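If you're matching positions, the sequence shown starts at 2 in this note's numbering and goes up one per residue. No residue lacks a Cβ here, since even glycine has one placed at the ideal position from N, Cα and C. All of these numbers come straight from a predicted model, not from anything done at the bench.
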Amino acid sequence: MSFILVAEQILNGLQFGVMLFLMAAGLTLIFGVMGLINLAHGSLYMVGAFAAAAVAGATGSFLLGLVAALTAAAVAGAIIEVAVIRRLYKADHLDQVLATFALILIFSEGTRWAFGSFPLFLDIPDWLSGPVSLPGGIQYPLYRLALIGAGLAVAAGLWLLIERTRIGIQIRAGENDREMIAALGVDISRLYTLVFALGAALAGLAGALVGAIQSVQVGMGEPVLILAFVVIVIGGIGSIKGAFVGALLVGLTDTLGGIFLPELLKLVTDPSTASTVGASVASMAIYILMSIVLILRPTGLFGSTA
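So this is what it looks like as structure tokens:
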């Protein structure tokens, strides 16, 4: 196995991880601050992808497509928070699951009605297309490198927002004691709407960025949502740092597992069956990782023990 192949797969894992972080960060913010299980988060990912594909296709501008994705997802998030989610904060988790699952169906059928059942395609802009030469003779797609850079930039910006701004202080306080900050005069309803819209915007951005390397279609957010839940379980519910570390672990495990496990199995089993068995084990690798983390740290890597 060559160095170039391993390096490319590590970069692929990082790219996958930072995109998962954009999904998981919004999800962990919403659950940490509001205590809400939001199954419709994947639908907001889909909304962002469709908005980006539609606007970029109509205008020819990829950047306008990204702006449209952020705007559409944030607005959709704010609307459903005010219209639906706000009524669920005091409900038990089963009611939250049922209500947000209904939102998945509504978004899926609404998107199919608006755009049809056929997938859309979002083209990579010319200024981000083609490979770039990296040290060691590695030729890697410029767009995927840009995704890694964009994800890291968003992670840094989100950390600054949470840790260094007044609204970040309110978000962290709302996570720990919402009754107290309400008593101190903070408009908790407005804070919840802002957090939900922020989480939705992050999901929409992830959908738009990934939409350029895969087809944009109805239901594309649900598989990513499952992985995002795995990320926040590994990293610790409510922790942005945990979501970042967990996302990188999941991205690298999923990508490298599919490469290395079949090769390792060839050393101990029949090579003719190693690829099939290795692919099956690789598909379970992230869940094995999650199980190990939960055995060692039931609250996740950075979860609160309080």
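Whole-angstrom distance between residue j and residue i, CA atom to CA atom
i	j	result
residue 125	residue 89	40 angstroms
residue 164	residue 170	7 angstroms
residue 295	residue 46	27 angstroms
residue 262	residue 162	39 angstroms
residue 172	residue 191	11 angstroms
residue 112	residue 73	13 angstroms
residue 133	residue 13	14 angstroms
residue 82	residue 146	34 angstroms
residue 106	residue 75	19 angstroms
residue 288	residue 50	27 angstroms
residue 282	residue 8	22 angstroms
residue 3	residue 253	18 angstroms
residue 240	residue 115	36 angstroms
residue 160	residue 286	29 angstroms
Neighbour-count burial assignment, residue i, 16 or more Cβ in a 10 Å radius
i	result
residue 227	exposed
residue 144	buried
residue 102	exposed
residue 154	exposed
residue 255	buried
residue 184	exposed
residue 110	exposed
residue 236	buried
residue 180	exposed
residue 193	buried
residue 297	exposed
residue 150	exposed
residue 265	exposed
Nonlocal neighbours in the same chain, by C-beta distance under 8 angstroms from residue i, ignoring five residues either side
i	result
residue 60	66
Cutoff 7 angstroms; reference residue i; Cβ partners in own chain excluding five residues on either side
i	result
residue 85	100, 104
residue 53	66, 67, 69, 70, 123, 209, 212
residue 131	143
residue 232	21, 25, 244, 247, 248, 251
residue 187	171
residue 242	303
C-beta contact flag for residue i and residue j at 8 angstroms
i	j	result
residue 214	residue 5	no
residue 207	residue 18	no
residue 200	residue 78	yes
residue 22	residue 245	yes
residue 216	residue 120	yes
residue 34	residue 205	no
residue 260	residue 301	no
Residue(s) in a DSSP beta bridge with residue i
i	result
residue 141	133
residue 217	121
Close beta carbons around residue i, own chain, < 6 angstroms, minus the five adjacent residues each side
i	result
residue 38	94, 97, 98
residue 63	57, 126
residue 203	23, 26, 27
residue 148	16, 210
residue 182	174, 175
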